[in-house]
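Asker: Sequences listed follow chains A and B, in order. Last residue of the first sequence: number 277 in UniProt numbering, and the count goes up by one each step with no gaps. Last residue of the second sequence: number 358 in UniProt numbering, and the count goes up by one each step with no gaps. Just so you know, even glycine gets a beta-carbon here, dropped at the ideal spot from N, CA and C.
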Amino acid sequence: MNNFLSKIKSRKILVFPYVFWILGFTVVPLILIVIYGLTDKNGVLTFENITSMGTYEHMKALILSLLLSLISTLICLLLAYPLALILKKRGAGAGRFIVFIFVLPMWMNFLLRTLAWQTLLEKNGIINGILSLFTLPGIAVINTNYAIILGMVYNFLPFMVLPIYNVLVKIDDNVVNAARDLGASRRQTFFHILLPLSIPGIVSGITMVFVPALTTFVISNILGGAKILLIGNVIEQEFTRGSGWHLGAGLSLVMMVFIFISMALIAKYDSQEGRTF
Amino acid sequence: MGRTLIDLIHIEKSFDGEMVIDDLNLSIPENAFLTLLGPSGCGKTTTLRIIGGFERADKGKVVFDGEDISDVPPNKRNLNTVFQKYALFPHMNIAENIAFGLKIKNKSKAYIDDKVKYALKLVNLDGYENRDVDSLSGGQQQRIAIARAIVNEPKVLLLDEPLGALDLKLRQDMQYELIRLKNELGITFIYVTHDQEEALTMSDTIVVMNQGYIQQMGTPEQIYNEPNCAFVADFIGESNIIPAVMVKDELVEIFGARFACVDRGFGNNKPVDAVIRPEDIDLVEPEKGTLVGRVTHVIFKGVHYEMEVTTPDGYEWLVHSTDLSPVGKEVGITVDPFDIQIMNKPVSEDEEAIGVNE
């Protein structure tokens with residue numbers, strides 16, 4: 001009996017690092033953000049930090065963020081789906097190799113990758129240098145919304161490909177064959193069978209791209225210059241430049257609503273995935 | 001048997017340089033229940049997939065109803081397939097699954113509803129329209145897969161080991177059900193299985209395949225009673241394949257003893273293989289036997305005893321009988337002339353590989 005008890009105790013001890021980790025680095029910071037977000041400098045309860053999201057300046061940044069991340073997510077989806085389909089068709093061996101190649105850049109530091117794009121896109125950067133060699137007009141992409149979208153798509157594309165690929169490979173080839181057998185053209189098979197069956201993957205892909213794209217400030221800092229403010233930049237500046245921790249926390253709380261909506265969507269389709277497969 | 005419905009002409013197919021089907025020629029008559037039978041890797045499923053259009057033959061033609069359909073995609077072929085492991089659409093309910101083919105063909109809603117109802121009745125699952133695929137057992141899913149195929153009124157139904165995933169009892173029930181369906185629908189069934197008993201029970205024509213070749217084609221009785229090579233003899237049921245010498249027409253010498261048989265035309269004093277089914281061997285008193293041996297092994301199998309009788313030359317005869325001869329007993333062996341099947345010894349290396357000379 002004693003032995004049994006000590007066993008349980010020793011097992012319980014194993015949990016402490018995780019509990020400590022979650023408490024120290026997730027729960028406590030979250031509580032701090034809520035406290036900061038709902039108080040002013042004097043520690044008095046206020047909703048001003050939250051409602052300030054409605055001001056023209058913040059609203060503009062938020063709408064731009066939503067717009068750019070939506071466009072990036074859409075582009076990622078349009079690029080990722082055909083790629084995932086090709087990977088599925090390739091079969092296990094070749095498919096896995098292509099996935100590996102695809103994931104390879106993700107092992108490089110996110111900041112480095114983005115800085116590399118900056119060097120490529122700069123006014124006197126590598127791309128324009130090559131273009132001028134052929135006496136072609138240079139492109140002025142750096143410090144525009146297009147550059148930010150490019151950065152988002154480049155950095156987040158793998159997060160769209162992998163979930164869609166994972167869902168697609170699970171679909172039995174004979175299910176596709178059965179649709180063809182029953183008279184469906186390739187097009188009809190895609191819209192009636194493959195697409196509906198891959199919705200769970202598409203949804204998790206969208207959330208995995210949309211959420212980080214919505215809150216990024218690094219990509220817009222590096223590829224957008226200091227000119228374009230996304231909501232991520234606004235919050236970052238409140239924390240780093242000013243002493244607006246309270247305002248920054250308040251805006252973060254608003255952003256969390258968007259993240260919760262995404263999580264809810266994932267949860268909904270995850271449970272459906274369990275049902276369909 | 002009716003006229004030819006499907007003709008496979010000089011079909012060849014290889015995967016990654018490995019020959020799976022080698023110059024296969026096969027005529028499938030209308031209204032047949034034809035079974036492609038063979039061990040895994042013999043090319044039977046590939047043959048079916050070539051007929052269904054999911055695989056393209058490297059060489060050769062598929063002729064359907066007088067028309068070359070080698071390049072016709074599966075959705076334009078007037079045949080339907082019941083896949084291994086059912087392959088139902090998991091995001092649709094039962095009615096939607098069955099209706100899929102008809103919806104693609106833009107049939108009216110009333111027609112579709114009628115057809116779905118009829119198909120469910122045919123497979124004994126009335127009232128299952130709104131059930132989820134997941135809520136059905138394997139056997140029920142298989143019936144839905146069949147219903148989904150036959151509502152399209154195909155001329156031919158292709159079945160790829162449809163009962164492979166079911167347990168024994170259910171499999172036997174489904175065998176009878178498939179025979180009933182076949183008779184009710186009056187269409188051609190092409191059936192793929194590795195289960196020889198299934199093939200014997202259901203088919204009117206069996207095509208035994210091995211290593212991409214057709215070994216033998218015939219009625220179940222022909223395949224079982226008159227196997228034309230050691231492979232077929234061994235694959236279909238159990239058999240004793242014994243080296244023998246054909247002394248002259250209707251007389252064969254096995255281990256020095258002469259047996260009367262019914263085969264002719266092998267020549268005189270020619271080495272051959274004799275095939276004798278275990279249930280065709282009669283154990284008698286030693287002095288009445290053509291050969292004498294001793295029982296060395298007995299297993300009770302339920303319906304019969306399986307006995308091993310060793311003759312002085314060391315050969316172990318497999319014998320099935322409802323009468324027990326205990327281990328150690330000396331017995332005589334006799335065989336009725338028509339129960340001995342004579343085969344030529346394999347000549348080429350290829351045939352040697354195919355044949356089973358254990």
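Of all the residues that make up the region 20–47 of chain B, which are near chain A by a beta-carbon distance shorter than 7 Å?
Answerer: none
Asker: Quick test of your reading: residue 205/A and residue 152/A, contact by CB under 8 Å. State the CB separation rounded to the nearest angstrom.
Answerer: The Cβ separation is near 14 Å, so there is no contact.
Asker: Would DSSP call residue 217/B helix, strand or coil?
Answerer: strand
Asker: Shorter than 8 Å from the beta carbon of residue 284/A to some beta carbon of chain B?
Answerer: Here chain A has residues from 1 to 277 only, and residue 284/A is not among them.
Asker: Are any of the Cβ atoms in chain A nearer than 8 Å to that of residue 147/B?
Answerer: no
Asker: Taking residue 238/A as the reference, give the member of 99/A, 134/A, 131/A and 58/A with the closest Cα.
Answerer: 58/A
Asker: With burial defined as no fewer than 16 other Cβ atoms inside 10 Å of the residue's Cβ, what is the status of residue 10/B: buried or exposed?
Answerer: exposed
Asker: Helix, strand or coil: which one does DSSP assign to residue 10/B?
Answerer: Of the three classes helix, strand and coil, the one that applies to residue 10/B here is strand, per DSSP.
Asker: Indicate whether residue 103/B and residue 5/B have their beta-carbon atoms separated by less than 8 Å.
Answerer: no
Asker: Let me make sure I understand the geometry here. Which of 188/B, 25/B, 89/B and 54/B has the alpha-carbon closest to that of residue 430/B?
Answerer: Any question about residue 430/B goes unanswered here, given that chain B covers just 1 to 358.
Asker: Could you give the distance in angstroms between the alpha-carbon of residue 80/A and the alpha-carbon of residue 164/A?
Answerer: 8 Å
Asker: Would you grab the beta carbon distance between residue 217/A and residue 262/A for me? Rounded to a whole angstrom, and I think it's under 8 Å.
Answerer: With a Cβ gap of about 18 Å, residue 217/A and residue 262/A do not count as contacting.
Asker: For residue 72/A, which residues in the same chain have their Cβ closer than 6 Å to its Cβ, ignoring the five residues on either side in sequence?
Answerer: 149, 152, 153 and 213
Asker: Return the chain-ordered list of same chain residues with a C-beta closer than 7 Å to the C-beta of residue 81/B, the five sequence neighbours on each side being excluded.
Answerer: 52, 149, 158 and 160
Asker: Are the C-beta of residue 221/A and some C-beta of chain B separated by less than 8 Å?
Answerer: no
Asker: Going by CA-CA distance only, name the one from 54/B, 85/B, 84/B and 83/B that's closest to residue 70/B.
Answerer: 54/B
Asker: Name the two residues that bound the continuous beta strand (DSSP E) containing residue 297/B.
Answerer: 291–300
Asker: Buried or exposed: residue 331/B, going by 16 or more other Cβ atoms within 10 Å of its Cβ?
Answerer: buried
Asker: When DSSP builds the beta bridges, which residues end up paired with residue 132/B?
Answerer: 93/B
Asker: Say whether chain A places a C-beta atom closer than 8 Å to the C-beta of residue 105/B.
Answerer: yes
Asker: Can you tell me whether residue 96/A is buried or exposed, with buried defined as 16 or more other CB within 10 angstroms of its CB?
Answerer: Counting Cβ neighbours within 10 Å, residue 96/A comes out exposed, since fewer than 16 surround it.
Asker: Tell me whether the beta-carbon of residue 228/A lies closer than 8 Å to the beta-carbon of residue 155/A.
Answerer: no
Asker: Within a Cβ cutoff of 7 Å, which residues of the same chain sit near residue 20/B, ignoring the five residues on either side of it in sequence?
Answerer: Shown here for residue 20/B: same chain residues with a beta carbon closer than 7 Å to its own, the five before and five after excluded, namely 13, 14, 43, 46 and 212 in chain order.
Asker: Buried or exposed, going by whether 16 or more other CB atoms sit within 10 Å of the CB of residue 108/B?
Answerer: The residue is exposed, with fewer than 16 neighbouring Cβ atoms inside 10 Å.
Asker: What separation, rounded to the nearest whole angstrom, lies between the Cα atoms of residue 36/A and residue 69/A?
Answerer: 27 Å
Asker: Going by other Cβ atoms of all chains shown within 10 Å of its Cβ, with 16 needed for buried, is residue 182/B buried or exposed?
Answerer: buried
Asker: Would you say residue 80/B lies against chain A (beta-carbon separation less than 8 Å)?
Answerer: yes
Asker: Within 10 angstroms of the Cβ of residue 94/B, are there 16 or more other Cβ atoms? Answer buried if so, exposed if not.
Answerer: buried
Asker: Out of curiosity, what's the CA-to-CA distance linking residue 199/B and residue 171/B?
Answerer: 12 Å
Asker: Under a Cβ-count criterion, where at least 16 other Cβ atoms within 10 Å of its own Cβ denotes burial, should residue 277/B be classed as buried or exposed?
Answerer: The Cβ neighbour count for residue 277/B, taken over all protein chains shown within 10 Å, is at least 16; the residue is labelled buried.
Asker: Any beta carbon from chain B within less than 8 Å of residue 94/A's own beta carbon?
Answerer: no
Asker: Using a cut-off of 7 Å between C-beta atoms, extract the partners of residue 185/A located in chain B.
Answerer: 75
Asker: Apart from the five residues on each side of it in sequence, which residues of its chain come closer than 8 Å, Cβ to Cβ, to residue 79/B?
Answerer: 51, 52, 64, 154, 155, 156, 157 and 158
Asker: Please name the residue in 250/B, 97/B and 306/B whose C-alpha comes closest to that of residue 258/B.
Answerer: 250/B
Asker: Taking 8 Å as the CB-CB cut-off, is residue 78/A touching chain B?
Answerer: No, because no Cβ of chain B sits closer than 8 Å to the Cβ of residue 78/A.
Asker: To the nearest angstrom, report how far apart residue 308/B and residue 318/B are at their CA atoms.
Answerer: Here the alpha carbon of residue 308/B sits roughly 5 Å from the alpha carbon of residue 318/B.
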